[in-house]
DNA sequence: GATATGCTTAAATAG
DNA sequence: CTATTTCCAGCATATC
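So, in structure tokens, the structure goes:
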């Protein structure tokens, strides 16, 4: 009986795939359609997570958890493709209702086609576009920076290129350190009074449905916009200051068909936002063009996304089983690929003091520090390996670049320091989040003193790097869920966004 | 080694 | 208010 039902399900799926065939033909993967049948048989044999067999949704498609080969850690070779195609199709609505126009295609689509909010998203587009333009000739910055901008512009190949050199960044850093500018890729540094941080009720909002996987504060002092990516492939934007009685200031899009693993807002061009996903895609949301572009596509899941602080033309991401790739966004292909770990890589980060130094963390149980200038193609050798006893969820460099903090399921936050990160110390911290809460990832604040990491009591533990212990815990009666993913505002000291598994964002702030 | 299965966990939401 | 549902982690254990 169950077999019968699944057979029916298979039939419908095959129909869907037929419908997608034209699209697939252009992608030159249609020749592998013949392999689908076999893939389905495997999938049928595979049981989804313990579902009570009695309750079946009547006359609905059975809810089968789509687990592609890649999420099961299998090689991305031939037989996995069937899953990919399924994930490209629109999520089935009711059998007889006309299919919603779906952007789930392997290509660019308009923002409005991915928009899932109730009102209009015009206000968001306006806010981001206006600020983005302001940022390229920011009035809050003195003439000095405009000179740098000119300097930067003079080195461009064309108008759509935002490259700038190492030396330029160095000059920027020397001159602008500590200044409040509208937009630069250098983080402000400073100390924060932990006791003064608070979570105000107006700084709480549900930005997406379901579990948040990635959160990012826009790198601007002119506005407060926070982007959150969830498990379903949604990306929500919260324009915090625009909230009033009529508007919630929240805008929801659906650019991906699987969990969103990374969000990058371009510091010099706030209207350009990269997103990565388990669906194997990297997209570029261009708010001015009002499109979600396709930058990169893979058969493997993409688990994290990063960028060097001095190169806006390249993105780095981790893919499948332990691979990091670099992609030139102007060309759209990967120009480098390294196999660095045996298992999925949960984070990729770059050192602010030396953009060639990269850190990775892996489910394999290790974190690595790498020098991109010395990467052997076959077997890259790490400058430093951190060994944990369980999976490592993150490895992030401190604001100065002198330290590295890794977070692991083995209940440690490891702290590396020293000229070659040779000094390692462990700070105990309960990181057992269980199944429903995204893993904790300790993030740096605005100097090398403190690290912020969620706890299971709905608070934020602050680890002191000198005392190697929890020195403070941010708590609030307004926090109704566990904040598990964080982003510290790069230019506003004390502004820390925490994201929950229920789609909420908490913004802790320092008094102004 | 590959594969399956069971257990942990919190919060939205259905009732 | 309680009962149910979620189910793309990660780990331990059992079986082949």
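Numbering (this note's numbering), first residue to last: 7 to 518. C-beta: ideal position from N, C-alpha, C; glycine also.
Expressed to the nearest angstrom, what Euclidean distance is found between the alpha-carbon atoms of residue i and residue j?
i           : j           : result
residue 92  : residue 200 : The pLDDT assigned to residue 92 is 32, lower than 50, so where the model puts this residue is not dependable; a value taken from the coordinates is nonetheless given after this. Distance between the alpha carbons of residue 92 and residue 200: 48 Å.
residue 409 : residue 251 : 44 Å
residue 208 : residue 231 : 14 Å
residue 205 : residue 515 : 7 Å
residue 241 : residue 351 : 22 Å
residue 493 : residue 504 : 7 Å
residue 254 : residue 293 : 20 Å
residue 284 : residue 239 : 9 Å
residue 245 : residue 291 : 16 Å
residue 436 : residue 131 : 41 Å
residue 360 : residue 407 : 8 Å
residue 383 : residue 332 : 13 Å
residue 317 : residue 264 : 28 Å
residue 295 : residue 509 : 28 Å
residue 137 : residue 248 : 14 Å
residue 561 : residue 310 : Residue 561 lies beyond the residue range present for the chain, which begins at 7 and ends at 518; the question has no answer from this structure.
residue 368 : residue 128 : 40 Å
residue 346 : residue 380 : 13 Å
residue 277 : residue 491 : 23 Å
residue 111 : residue 319 : 24 Å
residue 462 : residue 134 : 35 Å
residue 412 : residue 403 : 9 Å
residue 425 : residue 210 : 40 Å
For residue i versus residue j, is the C-beta spacing smaller than 8 Å?
i           : j           : result
residue 444 : residue 507 : yes
residue 280 : residue 308 : no
residue 458 : residue 502 : yes
residue 365 : residue 398 : no
residue 326 : residue 355 : no
residue 271 : residue 315 : no
residue 234 : residue 513 : no
residue 499 : residue 194 : yes
residue 464 : residue 448 : no
residue 297 : residue 115 : yes
residue 433 : residue 475 : yes
residue 419 : residue 469 : yes
residue 375 : residue 415 : no
residue 392 : residue 363 : no
residue 223 : residue 495 : yes
Let me confirm a value: residue i is counted as buried when at least 16 other C-beta atoms fall within 10 Å, else exposed. Which label applies?
i           : result
residue 452 : buried
residue 394 : buried
residue 330 : buried
residue 442 : exposed
residue 385 : exposed
residue 117 : buried
residue 267 : buried
residue 479 : exposed
residue 328 : buried
residue 473 : exposed
residue 219 : buried
residue 344 : buried
residue 517 : exposed
residue 348 : exposed
residue 467 : buried
residue 371 : buried
residue 196 : exposed
Helix, strand or coil for residue i? Go by DSSP, reduced to three states.
i           : result
residue 201 : helix
residue 416 : coil
residue 164 : Note on residue 164: pLDDT 32, under 50, position unreliable in the model; the coordinate value appears next. Three-state DSSP puts residue 164 in coil, outside helix and strand.
residue 119 : helix
residue 276 : coil
residue 380 : helix
residue 253 : coil
residue 133 : helix
residue 428 : coil
residue 246 : helix
residue 128 : helix
residue 468 : strand
residue 217 : coil
residue 108 : Interpretation of residue 108 is limited by its pLDDT of 42, a score under 50 that renders its predicted location unreliable; the figure taken from the coordinates is listed afterwards. Coil, per DSSP.
residue 401 : strand
residue 284 : coil
With hydrogens ignored, establish whether the beta-carbon of residue i is closer than 7 Å to any heavy atom of the ligand ATP.
i           : result
residue 419 : Ligands displayed in this structure: none; no statement on the ligand ATP is therefore possible.
Stretch pair the segment 338-352 + the segment 292-311: three plus CB contacts closer than 8 Å:
Yes, they touch.
For the structure I just gave you, are there three or more beta carbon pairs, one from the segment 122-131 and one from the segment 242-260, closer than 8 Å?
Contact between the segment 122-131 and the segment 242-260 is present, because at least three Cβ pairs lie under 8 Å.
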